[in-house]
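Numbering (mature numbering (1 follows the signal peptide of the UniProt record, and there is no 0)), first residue to last: -23 to -1, 1 to 288.
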């Protein structure tokens, strides 16, 4: 089944001013793009048997719940390779041939030599299909130190509209949520499962989060965040390790993108983490104000004159 056209059109309109295709690299744009090509392989090869590994534990959602069926349609798992390591990142479907993820998570891998992408409306990774990547990149405004504009992308060699399974795409949030300390906005982060003892479940999972105010974010990180960042606190389960790029879904829209988590360590306390603030990064263009001035009245017709003919 084809991806939702209405949601896709909205997403592409929002991204249109920020992303450019590989063929447009010579033109001025807001995106830095790196070209690379990979061939699709089966899942067994992607567990690290045919690629170099740094021996790090595979990081996933800790103590989360299996993803609800509606949340299995749009997430993506990225296997990102460099000459010395393989890392697993998260992302979400942004269009028939594009995955959206975190720029900081891509940068943390180093010199990327290949990317494989897994998508599918199934909770088990070994039943998904692999797609190769033709190019990847990030917003030109991305700052690796402050993490502002932390949005990256991966272009696919295949077309998801031709996928035999039912896939989906969520709209990007365009309006900021008024965060309240007394009535918290509940959200979920979607990633790949890991149990509390660190063992992999290979099951798509979700963790519950709540949005924090700017003041709470400042207190948590000891400094104010750039407007293109927000923070959220885990409630049940949490994303960690290599879940960078995972979507933060609030009110059935993608509200944020989890920043790089390669430095995350498991803990028994709630996590407060940074996310790309999508309503700010992809805010709709301003529209001209409506003219409320009443139009000038139409001049009244001059009074009719009666003329008498003279004999």
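A virtual CB, placed ideally from N, CA and C, is assigned to each residue, including glycine.
- The stretch 205 to 220 makes contact with the stretch 125 to 137; the number of CB pairs closer than 8 Å reaches 3 or more.
- For residue 258, the secondary structure class from DSSP, reduced to helix, strand or coil, is helix.
- Assigned with DSSP and collapsed to three states, residue 86 falls in helix.
- The three-state secondary structure of residue 78, taken from DSSP, is strand.
- Going by DSSP, residue 193 is part of the alpha helix (DSSP H) stretching over 191 to 198.
- Closest option to residue 84, judged by alpha-carbon separation, among 254, 63 and 71: 63.
- With a threshold of 16 other beta carbon atoms within 10 Å, residue 52 meets it and is buried.
- With fewer than 16 other CB atoms across the displayed protein chains lying within 10 angstroms of its CB, residue 163 is exposed.
- For residue 47, the secondary structure class from DSSP, reduced to helix, strand or coil, is helix.
- Going by C-alpha positions, residue 73 is about 24 Å away from residue 236.
- With fewer than 16 other Cβ atoms from the protein chains shown falling within 10 Å of its own Cβ, residue 247 counts as exposed.
- Residue 202 sits in coil when the DSSP states are folded into three classes, being neither helix nor strand.
- The beta carbon of residue 213 is closer than 6 Å to those of 185 in its chain, skipping five residues each way along the sequence.
- Beta-bridge partners assigned by DSSP to residue 211: 186.
- A buried status is given to residue 115, since no fewer than 16 other beta-carbon atoms sit within 10 Å of its beta-carbon.
- Considering only 238, 134 and 257, the residue with the shortest C-alpha distance to residue 75 is 134.
- Classified as buried, residue 93 has 16 or more neighbouring CB atoms from the shown chains inside 10 Å of its CB.
- In the three-state reduction of the DSSP assignment, residue 133 falls in the strand class, which pools E and B.
- Note on residue 61: under 16 other CB atoms within 10 angstroms of its CB, so exposed under the neighbour-count rule.
- Bounds of the beta strand (DSSP E) holding residue 112 are 106 to 116.
- Residue 240 places its beta carbon 7 Å or farther from that of residue 79.
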